[in-house]
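Student:
Numbering (the numbering used here), first residue to last: 4 to 481.
(1) In angstroms, rounded to a whole number, what distance separates the CA positions of residue 395 and residue 327?
(2) Can you list, in chain order, the residues of its chain whose CB lies under 6 Å from that of residue 288, leaving out five sequence neighbours each side?
(3) Can you tell which of 435, 421, 399 has the C-alpha that lies nearest to the C-alpha of residue 414?
(4) For residue 198, I'd like the list of residues in its chain whose CB is within less than 8 Å of its CB, leaving aside the five on either flank, ordered along the chain.
(5) Since I believe residue 152 is in contact with residue 165 (beta carbons under 8 Å), could you give me their beta-carbon distance rounded to a whole number of angstroms?
(6) In this structure, how does DSSP classify residue 266 when only helix, strand and coil are distinguished?
(7) For the beta strand (DSSP E) containing residue 232, name the first residue and the last one.
(8) Taking residue 208 as the reference, give the member of 218, 293, 341 with the closest Cα.
(9) From the DSSP output, which residues share a beta bridge with residue 206?
(10) Is it true that the segment 466–475 meets the segment 290–299, where meeting means three or more beta-carbon pairs spaced less than 8 Å apart?
(11) What are the partner residues of residue 288, as DSSP defines its beta bridges?
(12) Using only alpha-carbon positions, find the residue among 190, 269, 462 that is nearest to residue 148.
(13) Got a sec? Which residues, its chain only, sit under 7 Å from residue 330 by beta carbon, not counting five neighbours each side?
(14) Check the DSSP bridge columns for residue 386 and list the partner residues they point to.
(15) Touching or not, the segment 297–311 and the segment 51–70, by the rule of three or more beta carbon pairs under 8 Å?
(16) Along the chain, where does the beta strand (DSSP E) containing residue 467 start, and where does it finish?
(17) Using the C-alpha atoms, what's the distance from residue 109 back to residue 344?
(18) Kindly list the residues whose CB is nearer than 7 Å to the CB of residue 170, restricted to its own chain and excluding five residues on each side of it in sequence; keep chain order.
(19) For residue 351, which three-state DSSP category applies?
(20) Relative to the alpha-carbon of residue 100, which residue among 232, 247, 357, 117 has its alpha-carbon at the smallest distance?
(21) On the DSSP letters alone, give me the boundaries of the alpha helix (DSSP H) that residue 458 sits inside.
(22) Could you spell out the range, first to last residue, of the beta strand (DSSP E) harbouring residue 92?
(23) Suppose contacts are defined by Cβ-Cβ distances below 8 Å. Is residue 258 in contact with residue 251 by that definition?
(24) Secondary structure at residue 368, three-state DSSP: helix, strand or coil?
(25) Among 247, 206, 226, 269, which residue has its Cα nearest to the Cα of residue 238?
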């Protein structure tokens, strides 16, 4: 298990030190003067399940059901996927009922629903925090006062509202694919895992260009600088992640013929959609200084004695401040009263303008139409707000902070991932194309303003001293 993956103690330390994972891209890039960093890769057993921020949740029912609109005869919808969600997890419900808002009766009803919506015998373990700090509950109450209720069962098909976020953690240790699935099966005689290897090409049998099916029959891979080939007796499973799956397909002759021909790669299937439709959530961070006499997780940053005490406690019992994760999360619909009506109407107009434009692919046109309907009827969350009970932007010693991350759930911008070399060890070219639609920039601006507005209300306002970022504008400024 990599040292900063499974252990929350080491994860906290790595976050305090700025992280240690290699970027997939070789440089950062600028967009509207803002610096973005390239995504990180889960090059490890368990893949990216070992590098996310622990959250264990689900989207809304309508979001899963939308998949079926693209594959009319498929069973890809919430109801059919739910049994597999349940099969994968073991949920510890301790502390699921600590957030303000719902009554004891509401939480009791939610627990009954959990019997049908949750799993209690699967390989991935998920649990709730035992330490929340002094900001989580007041912020939840503030959202409640602004008519955004706490959702006692956000994984049952309605993901809207304030939630006490679950984390894929058991006994203070990350629960992810490697220990959950690989380790129990690692002694099987028909399972061989080769680490440090790179898949380089898939080989097929079947007609070229004729529209018939190709069958993957073997895979070449590089290990210790030597290329080998493995032959499949049954199936080849393509599971190289969001970044390297299109890379491997293009190296194998499946993709946009214009891209492949420039690199001298024979086209087996001219499939221009390979490497397109890249989407990601975009977040802004707002930061406040809090009053000094409360508990935030900044103490792990500036108090070496406390950090060492918590380290000893964690190593002995897997409890304490180093067994904590983000917990206060809010998903906001366009019909929530705190969402300005004028902002919603402006966003609808921008989305309609995008739909009427030229240059959209058929799948984009379908996607945008669905997104427009969700925005118009308020049925699916558009914005996410995450509490960070610590400073994230140039924090000072002996100072405590609160940060709110505002995120865009359904961007219109679509990026690409394509090869620029026939070398399978070369990184592909990743172009997220953030803010290529005005809709995304305006959405994120609106959501950031909502996050700032929330902090002006009680009870959270009593705990804040100064808004640091975004800086407040002097009223005398133009």
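Here a beta-carbon is modelled for each residue, glycine too, at the ideal position from N, C-alpha and C.
Tutor: Reading from the atomic positions:
(1) 17 Å
(2) 395, 406, 408
(3) 435
(4) 48
(5) 7 Å
(6) coil
(7) 229–234
(8) 218
(9) 221
(10) yes
(11) 408
(12) 462
(13) 132, 135, 139, 167, 168
(14) 335, 411
(15) no
(16) 467–472
(17) 30 Å
(18) 57, 58, 59, 129, 130, 328
(19) helix
(20) 117
(21) No alpha helix (DSSP H) contains residue 458, which DSSP labels as neither H nor E.
(22) 92–94
(23) no
(24) helix
(25) 206
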